[in-house]
Every structure is written in structure tokens, then in C-alpha cells.
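Chemist: Starting off with a structure, shown below.
Protein chains: 2
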Amino acid sequence: MHLTQAIKRACQVNGNGLATINGDRRHTWLECRDRVAKLAGALRKLGICDGERAGILSLNSDRYFEAYLALPWAAAAFVPINGRLAAPEMAYWLNDSESLALFIDQPFVGMMDDLKPQLETVKHFIYVGDGETPDGMLNYEEILTQADPVEDAGAGYNDMAGILYTGGTTGKSKGVMLSHANLMSNTMNCIPALNFRPGMSWLYVPPMFHIAGSVAVTGVTMVGGTHVFVPAFEPTAVLTALQDEKITDLLMVPTMINMMVNSEGAGDYDLSNLKTLSYGASPMPADVIRKTVELIPDAEFVHAYGQTETSPLISMNGADAHRGEGLKNELFKSCGPVVMNSEVKVIDENGQEVANGTVGELCVRGPIVMLGYWKLPEQTAEAVRDGWMHTGDGAFIDDEGYIYIVDRTKDMIISGGENVYSAEVENTLYQHPAVIECAVVGVPDDKWGERVHAIVRLHEGQAVSEKELMDFCHTLIAGFKCPRSILFREEPLPLSGAGKILKRELRAPYWEGQDKQVH
Amino acid sequence: MHLTQAIKRACQVNGNGLATINGDRRHTWLECRDRVAKLAGALRKLGICDGERAGILSLNSDRYFEAYLALPWAAAAFVPINGRLAAPEMAYWLNDSESLALFIDQPFVGMMDDLKPQLETVKHFIYVGDGETPDGMLNYEEILTQADPVEDAGAGYNDMAGILYTGGTTGKSKGVMLSHANLMSNTMNCIPALNFRPGMSWLYVPPMFHIAGSVAVTGVTMVGGTHVFVPAFEPTAVLTALQDEKITDLLMVPTMINMMVNSEGAGDYDLSNLKTLSYGASPMPADVIRKTVELIPDAEFVHAYGQTETSPLISMNGADAHRGEGLKNELFKSCGPVVMNSEVKVIDENGQEVANGTVGELCVRGPIVMLGYWKLPEQTAEAVRDGWMHTGDGAFIDDEGYIYIVDRTKDMIISGGENVYSAEVENTLYQHPAVIECAVVGVPDDKWGERVHAIVRLHEGQAVSEKELMDFCHTLIAGFKCPRSILFREEPLPLSGAGKILKRELRAPYWEGQDKQVH
Numbered sequence: 034m035h036l037t038q039a040i041k042r043a044c045q046v047n048g049n050g051l052a053t054i055n056g057d058r059r060h061t062w063l064e065c066r067d068r069v070a071k072l073a074g075a076l077r078k079l080g081i082c083d084g085e086r087a088g089i090l091s092l093n094s095d096r097y098f099e100a101y102l103a104l105p106w107a108a109a110a111f112v113p114i115n116g117r118l119a120a121p122e123m124a125y126w127l128n129d130s131e132s133l134a135l136f137i138d139q140p141f142v143g144m145m146d147d148l149k150p151q152l153e154t155v156k157h158f159i160y161v162g163d164g165e166t167p168d169g170m171l172n173y174e175e176i177l178t179q180a181d182p183v184e185d186a187g188a189g190y191n192d193m194a195g196i197l198y199t200g201g202t203t204g205k206s207k208g209v210m211l212s213h214a215n216l217m218s219n220t221m222n223c224i225p226a227l228n229f230r231p232g233m234s235w236l237y238v239p240p241m242f243h244i245a246g247s248v249a250v251t252g253v254t255m256v257g258g259t260h261v262f263v264p265a266f267e268p269t270a271v272l273t274a275l276q277d278e279k280i281t282d283l284l285m286v287p288t289m290i291n292m293m294v295n296s297e298g299a300g301d302y303d304l305s306n307l308k309t310l311s312y313g314a315s316p317m318p319a320d321v322i323r324k325t326v327e328l329i330p331d332a333e334f335v336h337a338y339g340q341t342e343t344s345p346l347i348s349m350n351g352a353d354a355h356r357g358e359g360l361k362n363e364l365f366k367s368c369g370p371v372v373m374n375s376e377v378k379v380i381d382e383n384g385q386e387v388a389n390g391t392v393g394e395l396c397v398r399g400p401i402v403m404l405g406y407w408k409l410p411e412q413t414a415e416a417v418r419d420g421w422m423h424t425g426d427g428a429f430i431d432d433e434g435y436i437y438i439v440d441r442t443k444d445m446i447i448s449g450g451e452n453v454y455s456a457e458v459e460n461t462l463y464q465h466p467a468v469i470e471c472a473v474v475g476v477p478d479d480k481w482g483e484r485v486h487a488i489v490r491l492h493e494g495q496a497v498s499e500k501e502l503m504d505f506c507h508t509l510i511a512g513f514k515c516p517r518s519i520l521f522r523e524e525p526l527p528l529s530g531a532g533k534i535l536k537r538e539l540r541a542p543y544w545e546g547q548d549k550q551v552h
Numbered sequence: 034m035h036l037t038q039a040i041k042r043a044c045q046v047n048g049n050g051l052a053t054i055n056g057d058r059r060h061t062w063l064e065c066r067d068r069v070a071k072l073a074g075a076l077r078k079l080g081i082c083d084g085e086r087a088g089i090l091s092l093n094s095d096r097y098f099e100a101y102l103a104l105p106w107a108a109a110a111f112v113p114i115n116g117r118l119a120a121p122e123m124a125y126w127l128n129d130s131e132s133l134a135l136f137i138d139q140p141f142v143g144m145m146d147d148l149k150p151q152l153e154t155v156k157h158f159i160y161v162g163d164g165e166t167p168d169g170m171l172n173y174e175e176i177l178t179q180a181d182p183v184e185d186a187g188a189g190y191n192d193m194a195g196i197l198y199t200g201g202t203t204g205k206s207k208g209v210m211l212s213h214a215n216l217m218s219n220t221m222n223c224i225p226a227l228n229f230r231p232g233m234s235w236l237y238v239p240p241m242f243h244i245a246g247s248v249a250v251t252g253v254t255m256v257g258g259t260h261v262f263v264p265a266f267e268p269t270a271v272l273t274a275l276q277d278e279k280i281t282d283l284l285m286v287p288t289m290i291n292m293m294v295n296s297e298g299a300g301d302y303d304l305s306n307l308k309t310l311s312y313g314a315s316p317m318p319a320d321v322i323r324k325t326v327e328l329i330p331d332a333e334f335v336h337a338y339g340q341t342e343t344s345p346l347i348s349m350n351g352a353d354a355h356r357g358e359g360l361k362n363e364l365f366k367s368c369g370p371v372v373m374n375s376e377v378k379v380i381d382e383n384g385q386e387v388a389n390g391t392v393g394e395l396c397v398r399g400p401i402v403m404l405g406y407w408k409l410p411e412q413t414a415e416a417v418r419d420g421w422m423h424t425g426d427g428a429f430i431d432d433e434g435y436i437y438i439v440d441r442t443k444d445m446i447i448s449g450g451e452n453v454y455s456a457e458v459e460n461t462l463y464q465h466p467a468v469i470e471c472a473v474v475g476v477p478d479d480k481w482g483e484r485v486h487a488i489v490r491l492h493e494g495q496a497v498s499e500k501e502l503m504d505f506c507h508t509l510i511a512g513f514k515c516p517r518s519i520l521f522r523e524e525p526l527p528l529s530g531a532g533k534i535l536k537r538e539l540r541a542p543y544w545e546g547q548d549k550q551v552h
């Protein structure tokens, strides 16, 4: 259970095969291992080794991939930074994790004036972009060339491989500590379910800072496959890469798949090499499945469900659910049975397991459950009890073990594949002096699946426009978290007997006549 | 990483599906779990729980399978007993492991008069056969019916699940301690390589006391498949079960496959459900592969290699190596690339890793490496260094990561799938007063692959016949270990500079013009 074992296996079974393709940059597995061992050597010289952490703030690239493997090679841990965050949020992740270094890509250099003064522990900035290296930064290729390759430091099993931050349900981000064994257990679950196999080539489309975006790093490496990178999602770039690099497998969120299959000229690309199209974050509408099958008749779908705390995949639903009877019976709306080496159960409010078909909170136990939340022992003890991770998701399990997610206890909105925690947005709105009461809910949106919608009541006699309030949010939190629509109301928000805002009631009028498709 | 997780998953995904078929006895997964939980309750009442051990001396059966799962359910460990051993050998395994109980099947009842007086720790005998329960034994079904089901005790990860004895290279058996994590890691490796999947049904043919015979216990259970048992290998019984129970997958040794395909009327059976035929212990002759393909055109072959100390599978070579180019290029003679989640390397006499293509000792590192040898810390430290299990097998790895086994440093003979350690047989021969010097080697045998052959020099003036010496061995060790042929010679055996008998030289004339097909 060493993350670095994957790269050694790749060298053994496909040493001269292509490891990474990033535009014109191509490296074989033997070259890739050499680069990783050199980068680890460079990191070690900088003191980034043996339990220390480094952040990665980058678009998808081969250098992201190498850093993701070199840090564990040096027995350090990676801290992927969500590139869409506002500077204060990024600073919180880097300071909280006490990261010593930051890998930084070209598009984020402009933020540095704002970000740098807020950083407390980062001493080294390693520039992974192309073109001239900004002042005060180390050049990635230079430090790599100057370093001697080092032996794998031997980190593994319960050693921490990374801290992955999630938006916090109580408004503050929590760092999820994942071990080598966590990530390798997830990998072993993915190999059969996502059909990882020799000769495959994987395209990275969702951002690699999401754990779902990086799920292939170890799995595709283990089988000696090829990793292909596009910097970020853009339909034409994805279609071009699928065709030109003969991509066989990838993962996207339904929003992206929908945009891709509906983009102009999609039918003109040769997508015949594509075998498996995985998706997560929400179920895929049947129409999108049908439309995708028209475009790529041989592709098989896998609907995956998970969360960062479970490394991440809890369940996967394969090809059979997406064709013939499965499609007709809407079996694809389930996120499938539990992965091979973990357990799931659904519990009621008293912690008792419920019967099949009954909705309750989904709990997961097994080697995929995180080490805990970084420096938050109380929140860890609350989330993981007796080895069972309490997901916060409402779900039921049918008689064949198929899991259906029906609600999120944690009150999360998934908008275009991004998780938005209502509490975090509400806390931001409450900081505006005019706001006396607010609730943030997900409402249906044709493009994003769900849209962040706020319902706001103002102090008597105060006034603020929708635009003013949105602009206010943009100064404090990432753009994707900010409300895209605001409803002002004068009467108090509806409360439960226990005094909690009845979100279900607020949501209901928006969802009338629609499935609430949450995952 | 709980062995018992497999049975819970089976209940969740296929609760009403068939778990076990043993002649007329059939149980669904929900019934099977209930029986396992009750048997664990009965064991707990007898004190066989929480780290204690129990032996299993039985032909293949559903009860063997249940005991194999119920012992870990009670946080105890199983000690499978090789049914072909002589009574003193069985007693050694049971006494050494300090087993408190013995599950015993009908064919072994006759040995009890001999065995029982030699046992030091076994207090309970649990009869798993049919018909009347012998005096002084508990009836399996009775204790199960009378017990209350108990909750899974929660053993997992590095807790010991079993002690599996191997013949010792220095003549004495060693108990290999395997943990829950060991066996579950092996299972996760097998799922993709052996294509374990929902809807499969597995036939147990080699004895379950071999770790290879029980490799399917957790894997087929995890996917909710069906386990079908025949008591022991017999061509017609196997062919009948394959047809009548619509078996999809099984593992045999090449000797068995050869006997089956050559048995009279083999072509009259409907074997069309068979998908994957795995084999181990030795490579399969190309003729046997071709003959098997004639009989079962759609079956795919997997050549597996491993040892008890590695839980057991180190590498697997799949279907591609057994057809078309793979067959032509004899790629099937390789035992394949390393399993997914472990590492292999080949080292020279100084412990240095050698280049591809160079023969040396094969070493394995990863979660499949045993906890150690039971009560033998020195031998454990000798075998496992820095996490690397030193297999004792001579091998080379090619540029595509394919492993070829060329010699066994541990001097082992594989005869009809049974491991015979030369040293053990030699030690036995040396106990005869007439023997001054001897060497035991494997020589080619049409039926058994290899045959146990002894080369013996007698004390001057002494005489003993081949038959007398064979009979002498039969009183001390299992029949399958006894020499099947003996060559008497008068000149001293050839020695190396270091004074070791030159076995290679003794073996050479027998193997002239033949591949030494060892695995």
C-alpha cells in the first residue's frame, strides 16, 4: 500500500510506453519515474519531505501529475488547491495545512499580489507554467534538472499522502487527511469497476484538485496506461483530444457531457476509441445518455458516487444500468452497489440500521475511510464513529444492494460538478449589515444541474439590491459559490419545531414536477 | 479489510441468490450468513474465539466454507490441515498452532485412534461429515442449530485470520500467519485478474486446505457469486458438476486439467457456461492448452503463480497469453506480470537488484506479504527483509514485466499440484539406519508433472530394497511426499565447492531434451 508502487509497476510492465501527454510534451514511464525521483530530490533539498506539505495550484498538466507522485515519493503530502477559490480561501487552506511550498501555474500568477501577503508558512513558490518564471519563484524544470534522483522514501500504509480540503458544512473548510492505504484501496476498487487495463489512455477533464479528477492517477499508472491532459474543460478541446490522442477512458460530470454532446460539430470527431465514460456528482438525465450513445455507440457508462472523506468512491453503477432494461427501468439513477472492499449501511436518527428501501443517513466502513480531519479531532470523532463514516447523505438501498441518494443531510448544492455548502454561503450573506435572515438552496438549472439560490430577509428600513449583495459575496468567497439569484421576502423564514429553517419547504416550489437529482 | 465484509456484501447484493451448492444442500446468502453467525456463536461458547485457533481436516464442502468464514467472524483463526498427511504430521500442525478444536470429516475418522493420542491442545472435535456422529465428537449441524447467531466480532486488518502450514525447507513445517488484510489484498488482486463478477459460479476442485483451493472463498463471495463443491478431484465428478451446475469459473492444476480433458466421454458434457479456467503450480503444456480449447472453445485461461507466504498470488497471466500470438510465442509459459498492488524484483546473491532478463531470487513486497511464521521470529526475519518476501524461487523478469520461474532455490518438487520439499523427504530417508547419503529431486512424469525421485547411497555392507525404503517413508510422512522411484548408487554424491550436493547435476540426465517446467 505505497502510492509510489504504481509508478514502479508501470515502469516494469510498460517502461518504454507513454506515461504522459501534455500538448507537445511526452514522457515514457521510465522518463516519468526519473522526473518524479528528481523532483522528489529537489523537494527534499527544500525541506519538503518526511511529513511536510506542499500546495498545488495549477490547471491540469503532466507537471501536476508529477508533483502529485513526487510529494509521496519524498514522504511528503500534497494539498490540492481549488483554483476557483478567492484568495482568502486559498490562504486558509495553505496556512491551515502549514504548507511549506506552493506549485503555481501561469493563470494564478496574477493572484499572487493578493495571496502572498496572506500566507504564513509557504516559503517556496515553484512555477509550473510555461514562459518566463515570475520573480521570486523557482522554475519547475530548472530545479528538476539540477536535482539528483532520490530513492523512494518508503512512505506507505497509514502515512498521510495528502490533505484534501472540502467546503465545511459549518462554513469553514476541513482538511481531509488521506493515507496511502486510503488512496490505494480506492484504486483497487476502481480497477475492476472502471475497467482499468493495459493499453488504456485516460483524459483528465475535471480539475485535478478535485479528488474525482485525480482518481485515475494511481489506477491508470498501475496498469501502465497513458495520462493525457487538457488544462480545463472546453468542449472543442476535449473532442479534439479524444480524437487525436485516441482516448479510451475518461470521467466527466453530466453538465460537461451535456455541453460536449450538444456542442457544434461534435459529430465530426472520430470518437471510436472511447470505451468507458464515467461520471459523478449527479445522475445523468436519460436524454443525455441517449444523446451520448448516438454520438459514441460503443462507449459504456459508469455512474460513480463518493466524497472526499472516502478516498472518494463509495459506489459505482456500470454499463448494464445504462442500456436496455437498465435504461428503461431507470436503474442508472442509482449510484450502484457498494465498492468491493467496503461496507455501507443506512441508519435512522437513533443510529439504528434501517430496512431496505427506507431512507436514512448513508454510512461507510472500510479501508477507504479517511484518517480524519486535519487538526479537528472533534469533527473527526463526530464524522467517523466505530469506523463508520457518516456521509451526511440521505439514501436508501434496494434489495439488490443498489444505493439511491435522495437528500443531503449536509445541505450541499452541486452546481456544475462543484460542491457548494449552503452554510458557507449563508455565513457570507450574514456578514452584510442589511441581512437579518437568509437561506441558500439549490434550484434546478438547465445548464448547471443546480443553481445557488438565496432567499433573503433584510433588516427593517434597510435596502440592498440583488447585484450589490452578489458583489459583496464575490469579495469573500469563490465565484462558483456566490448566489446566482436572490429572492427578497418580508415575512420570516419558516422554522421547524426545533427552530431550524425548513429548507425543504423553501425548495419545494422550485422543484415541483422535477426529480431532485442529487448525488 | 475484514474477511467477513465479503459475506455482508454478498447478502446486500444477492441475499436471495444461491451462496453454496453441496450435492443436495443449497443455501442462499442470507441463510449462509445466518449459519456463519450461528456457528460463530457455537464456537464462542466453546471458547474458540478472540485469537484462538481451530484446525479443519475435511474434504471440500459447504461446511468447510462456513467454518472458514465463521472462525474469523468469531475473531478466531483457521488452521487448514492437509488431508494427505500422516498422523504425526497432522499432530505437529495442530499442536504447534495450539488449536483448541478440530473440524473433522468422515474420511478422516478412521485416523482418530492414531491421531488423538498425539494431540496436546485440541479439546473439541466437530464432525462435519454426514451419517452418525462418532463417539466423543460434536455434530456440526447440532451445535449450529442450538447456537444463537452472534454479531461479527470485528476482527480485521492486521488481525490473524489463519495459520497455513507449508512443508519446511529444512524439513519441518512452518505456520504462515496470514492477516485479514493479507487475504483481502489478495482478493482485490484476483477480482480483475480472474474476472470475478456478479452471476458467476465457482467449482472447488483442488483441496481447500491449499491456499490456492480457497482463493475464491472471499472473492466469489464479494461479488455475490455461487460456491459449488465436489469432495475431491475425480474427472467424471468434475465434468458432471461443470455441466449440471452451469459452472462459469474454476481453478485446477495442469495435471487435473490433463486428466479431465483426456477422460473418456469428456466431449459428451455441455461445458458451454465455462468462462475462466485458472491454473497454477506449473505451466500448462501447449498440447493440453490446445486440447482444452477443443473441448471448451470459449474458455479463457489464467496462469497463476504464488506461495502461501504471499496470500498467495504474486502474478497472473491471462487469456491473451494462451491464444494466437501468445500461444505461438509461448508467452503462456510466463506466470505473468506482478499483481496490481504489490512489487516484485529479482536479486543476486548479494541482494542487489539485477537487470531484466537476468536470473536471481524473486522477491515480493506489498500488503500480500504474510505477518510472519508462527512462533518462528528468526525464520521470519530471514524470509522477510525490509518488507521484501524472499520467495526462494529463481526467476527472471522480461522487459514487459513478465515473470518466468526457472528454478526453486528452496528445492521444492511440485507433484500433481502438491508441494514436496526435498529436504523433508531426505530427512526421512536419513532416519533409515542403512542410508548414508541421499538426495531427492523432481524428475519428469507424464501424469504428475514431476515425480519424487530419490538417489541413495547405503552404508557399506548394508542392504535395503527400494520397496522397503518406500514403506519406511510411508510410516513417517504423507504418501504424496514419498519417493516413487529410488536409484541406488555406490559412489558419493557430487558436491559443490561449498560442500552442497549438486542437485542440478543429479537432475540433469532426467530432464535432457525437456523444459524443466517449474512453478
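Just so you know, the sequences run in chain order A and B.
The numbering of the first sequence is this note's numbering, which starts it at 34 and goes up by one.
The numbering of the second sequence is this note's numbering, which starts it at 34 and goes up by one.
Glycine included, each C-beta is placed from N, C-alpha and C at the ideal position.
Could you work out which residue in B:I290, B:E278, B:A511 is closest to B:I329 when comparing CA atoms only?
Modeler: Of the candidates B:I290, B:E278, B:A511, the one whose C-alpha sits nearest the C-alpha of B:I329 is B:I290.
Chemist: Determine the contact status of A:S344 and A:C368, defining contact as a CB-CB distance below 8 Å.
Modeler: For A:S344 and A:C368, no; Cβs fall outside 8 Å.
Chemist: Go through the stretch 118-195 of chain B residue by residue and report every complete run of the alpha helix (DSSP H) that reaches 4 residues or more, in order.
Modeler: Qualifying alpha helix (DSSP H) stretches, in chain order: 120-129, 145-148, 173-179.
Chemist: Drop a sphere of 10 angstroms on the beta-carbon of B:G187, count the other beta-carbons inside from all chains shown, and report buried for 16 or more, exposed for fewer.
Modeler: Looking at its Cβ environment, which holds fewer than 16 other Cβ atoms inside 10 Å, B:G187 is exposed.
Chemist: Helix, strand or coil for B:M373, going by three-state DSSP, please let me know.
Modeler: Coil.
Chemist: Just the C-alpha distance for A:V497 and A:H465, rounded to the nearest angstrom, thanks.
Modeler: Rounded to whole angstroms, A:V497 to A:H465 spans 10 Å at the Cα level.
Chemist: Take B:H492 and list the residues in its own chain whose beta-carbon comes closer than 7 Å to its own, dropping the five residues that flank it on each side.
Modeler: Here the set comprises A467, I469.
Chemist: Return yes when the Cβ of A:I380 is within less than 8 Å of the Cβ of A:E358, no when it is not.
Modeler: No.
Chemist: Could you name the residues of the stretch 204-235 of chain B whose beta carbon sits closer than 7 Å to any beta carbon of chain A, in the order they occur along the chain?
Modeler: The stretch 204-235 of chain B vs chain A, Cβ under 7 Å: M217, M221, I224, P225.
Chemist: Taking 8 Å as the threshold, find out whether the stretch 98-118 of chain A comes into contact with the stretch 508-523 of chain A through three or more Cβ pairs.
Modeler: Counting Cβ pairs under 8 Å, three or more are found: they touch.
Chemist: For A:M233 versus A:V253, is the C-beta distance shorter than 8 Å?
Modeler: For A:M233 and A:V253, yes; Cβs fall inside 8 Å.
Chemist: Can you confirm whether the stretch 57-67 of chain A touches the stretch 162-177 of chain A when touching is taken to mean that 3 or more C-beta pairs between the two stretches lie within less than 8 Å?
Modeler: No: the two stretches stay apart, fewer than three of their Cβ pairs being nearer than 8 Å.
Chemist: Look at the Cβ atom of A:G200, then the Cβ atom of A:N460, and state whether they are nearer than 8 Å.
Modeler: Cβ atoms of A:G200 and A:N460: not closer than 8 Å.
Chemist: Flag A:A52 as yes if its beta-carbon sits less than 8 Å from any beta-carbon of chain B, otherwise no.
Modeler: Answer no: the Cβ-Cβ gap between A:A52 and chain B never drops below 8 Å.
Chemist: Assuming B:N291 is part of the alpha helix (DSSP H), what are its boundary residues?
Modeler: Element bounds for B:N291: 287-294.
Chemist: Going along the chain, which residues of the stretch 349-381 of chain A sit with their C-beta nearer than 7 Å to a C-beta in chain B?
Modeler: Of all residues in the stretch 349-381 of chain A, P370, V371, M373, N374, E376 have a Cβ within less than 7 Å of some Cβ in chain B.
Chemist: If distances are taken between C-alpha atoms only, which option among A:Y198, A:V271, A:M503 comes closest to A:I114?
Modeler: Nearest of A:Y198, A:V271, A:M503 to A:I114, Cα basis: A:Y198.
Chemist: Could you name the residues of the stretch 417-434 of chain B whose beta carbon sits closer than 8 Å to any beta carbon of chain A, in the order they occur along the chain?
Modeler: Listed in sequence order: I430, D432, E433, G434.
Chemist: Near B:L275, which residues of its chain fall below 7 Å by C-beta distance, leaving aside the five closest residues on each side in sequence?
Modeler: The answer, listed in chain order, is L236, Y302, L304, L307.
Chemist: Could you confirm whether any beta carbon from chain A is found closer than 8 Å to the beta carbon of B:T202?
Modeler: In this prediction, B:T202 scores a pLDDT of 49, lower than 50, which makes its location untrustworthy; no coordinate-derived value is stated.
Chemist: Express the C-alpha separation of B:E376 and A:V250 in angstroms, rounding to a whole number.
Modeler: Spanning the two alpha carbons is a distance of roughly 18 Å.
Chemist: Near A:K536, what residues of its chain come up, given a Cβ to Cβ distance below 8 Å and the 5 sequence neighbours on each side ignored?
Modeler: Cβ neighbours of A:K536 beyond the five flanking positions: D444, S455, A472, V474.
Chemist: How about A:R42: is its C-beta nearer than 8 Å to some C-beta of chain B?
Modeler: Yes - at least one Cβ of chain B is within 8 Å of the one on A:R42.
Chemist: So, does the CB of A:V46 fall closer than 8 Å to a CB anywhere in chain B?
Modeler: Chain B, which has a Cβ nearer than 8 Å to the Cβ of A:V46, makes this yes.
Chemist: Give the residues from the stretch 244-273 of chain B that approach chain A closer than 7 Å (Cβ to any Cβ), ordered along the chain.
Modeler: Under the 7 Å Cβ criterion, the stretch 244-273 of chain B contributes M255.
Chemist: Find the residues of chain B that neighbour A:P400, judging by a C-beta separation of less than 7 Å, and give them in chain order.
Modeler: Residues of chain B passing the Cβ test: M34.
Chemist: If distances are taken between C-alpha atoms only, which option among B:I40, B:E174, B:A416 comes closest to B:G405?
Modeler: Looking at the Cα atoms, B:A416 is the closest of the given residues.
Chemist: With a threshold of 6 Å on Cβ separation, who are the neighbours of A:I176 within its own chain once the five nearest residues in sequence on each side are excluded?
Modeler: Correct list, in chain order: A75.
Chemist: Could you give the DSSP three-state label for B:T202: helix, strand or coil?
Modeler: With a pLDDT of 49 at B:T202, under the threshold of 50, the modelled position of this residue cannot be trusted, and the question is left open.
Chemist: Could you check where the beta strand (DSSP E) with A:A352 kicks off and where it finishes?
Modeler: A:A352 -> no beta strand (DSSP E), and no H or E assigned at all.
Chemist: Answer yes if the stretch 101-109 of chain B comes into contact with the stretch 69-83 of chain B, meaning at least three C-beta pairs across the two stretches below 8 Å, and no otherwise.
Modeler: Touching, yes, given that three or more Cβ pairs across the two stretches are closer than 8 Å.
Chemist: Check for me: the alpha helix (DSSP H) holding B:C506 runs from which residue to which?
Modeler: Residues 499-507.
Chemist: With H, G and I counted as helix, E and B as strand and the rest as coil, what does DSSP make of A:M255?
Modeler: Helix, per DSSP.
Chemist: According to DSSP, A:P113 sits in a beta bridge with which residue or residues?
Modeler: Its beta-bridge partners are A:I89.
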